[in-house]
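**Q** Numbering (the numbering used here), first residue to last: 468 to 656. No residue lacks a Cβ here, since even glycine has one placed at the ideal position from N, Cα and C. As the structure is a prediction and not an experimental result, all values here were calculated from the model. Okay, handing you the structure first.
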């Protein structure tokens with residue numbers, strides 16, 4: 468855009484000498500040029516990444532407000548009338564009760580310790596308990612077989628798996644010890 472030049476003193480004097488109509492025409496031409504220049508500058512400033520081919524990084528700090536992609540429903544935002552909601556209800560017997568006694572007036576600083584309580588305002592906070600380690604102790608009975616004298620259990624599994632089968636250890640269990648790998652030495656047929 469070329470710089471704007473005001474009419475020179477000679478042009479203004481010549482228009483003045485020609486009369487009123489020439490002066491008005493000179494002013495119209497000057498104002499028209501200024502108006503065109505202002506319009507070009509306003510058009511350049513109003514361009515952004517949404518209405519021209521400019522990249523979004525050129526928007527600067529004056530970024531256009533984001534437009535919502537949601538369709539209008541004709542309802543107000545927030546909870547609708549008649550909807551109950553999912554708020555936690557207060558319980559009758561909370562696990563812990565913490566009393567906050569009022570000891571003095573916040574307005575005039577007078578002690579209120581001897582004044583009787585006129586009511587209680589309650590608020591309940593629902594917290595999840597902290598996770599803690601749970602310890603399970605497995606105890607295995609120790610017995611001695613009256614048939615072969617073997618001690619059972621010989622080893623308590625450290626895995627603590629109670630679903631693991633316990634195999635019989637002696638021949639008096641009905642002949643199963645011959646096929647099992649942990650049968651007592653010398654036991655069997």
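(1) Can you tell which of 479, 620, 537, 564 has its C-alpha closest to the C-alpha of residue 607?
(2) Using DSSP's beta-bridge definition, name the partner residues of residue 543.
(3) Can you tell me the Cβ-Cβ gap for residue 558 and residue 591, rounded? I've got them flagged as a contact below 8 angstroms.
(4) Can you give me the start and stop residues for the alpha helix (DSSP H) that residue 605 sits inside?
(5) Take the Cβ of residue 492 as the centre, count every other Cβ of all protein chains shown within 10 Å, and call the residue buried at 16 or more, exposed below.
(6) Taking three-plus beta-carbon pairs below 8 angstroms as touching, is the region 538-556 in contact with the region 506-521?
(7) Given residue 523, which residues of its chain have a CB within under 7 angstroms of its CB, disregarding the five upstream and five downstream residues?
(8) Looking at the secondary structure, which residues open and close the alpha helix (DSSP H) in which residue 485 lies?
(9) Can you tell me which residues form a DSSP beta bridge with residue 537?
(10) Contact between the region 534-542 and the region 484-499 is defined here as three or more beta-carbon pairs at a separation below 8 angstroms; is this criterion met?
(11) Could you check the C-alpha separation between residue 502 and residue 483 for me, to the nearest Å?
(12) Below 8 angstroms on the Cβ atoms is my contact criterion, and I expect residue 504 with residue 471 to pass it. Report the Cβ-Cβ distance as a whole number of Å.
(13) Using DSSP with H/G/I as helix, E/B as strand and the rest coil, what is residue 591?
**A** Looking at the coordinates:
(1) 620
(2) Answer is none; residue 543 lacks a bridge partner.
(3) 7 angstroms
(4) For residue 605, there is no enclosing alpha helix (DSSP H), as DSSP gives it neither H nor E.
(5) exposed
(6) no
(7) 516
(8) 476-485
(9) Answer is none; residue 537 lacks a bridge partner.
(10) no
(11) 23 angstroms
(12) 6 angstroms
(13) Reduced to three states, the DSSP call for residue 591 is coil.
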